[in-house]
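Undergrad: First residue of the sequence shown: 207, per the numbering used here; consecutive thereafter.
The C-beta atom is built at its ideal place from N, Cα and C for all residues, glycine as well.
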Amino acid sequence: MITHVSHAVMYVADQAASLKFYTQQLGFEIVRDEEMFPGARWIEVVPPGVQTSIVLSAAAAFDKRPGEGAYLHFSCDDIHATREQLSAAGVDVSEVTTEPWGTYITATDPDDHRVMIAQLQ
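(1) Is it the case that the Cβ atoms of A219 and D317 are separated by a distance below 8 Å?
(2) Could you spell out the range, first to last residue, of the alpha helix (DSSP H) harbouring S293?
(3) Taking the Cβ atom as the reference point for each residue, do H213 and T258 lie within a distance shorter than 8 Å?
(4) Residue ranges of each beta strand (DSSP E) run of no fewer than 3 residues wholly in the region 209-248, ordered along the chain?
(5) Measuring straight from C-alpha to C-alpha, what distance separates Q325 and A246?
(6) Taking the beta strand (DSSP E) that G308 falls in, what are its first and last residues?
(7) What does the alpha-carbon distance come out to for the pair K226 and I249?
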């Protein structure tokens, strides 16, 4: 029986820059950082206390383009505090938008992946 989503893959141009963004700016933790084969590392990060991780995969090693792949949505408890925290960490973050289903922001990583961070209602 399936228990949860294990991970999502994001294709990135520079794994080191993406790793820095997700760990130092968004506060994720490193689950795994190992060589897969020459020119490709398996870098897996996760928000603290969460099961589902993100694999930051070198696009060139898999004949992909940076930005090709998952569109990710994260949740938070306080969207305004989260926006302030991310902005202070140097993240390119949108203004807060409110919709009937929740309130959200988007943050842009080094490869122009836009991730959504929402406070659901």
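TA: On the basis of the data shown:
(1) yes
(2) 285-294
(3) yes
(4) 213-218, 235-243
(5) 35 Å
(6) 308-314
(7) 11 Å
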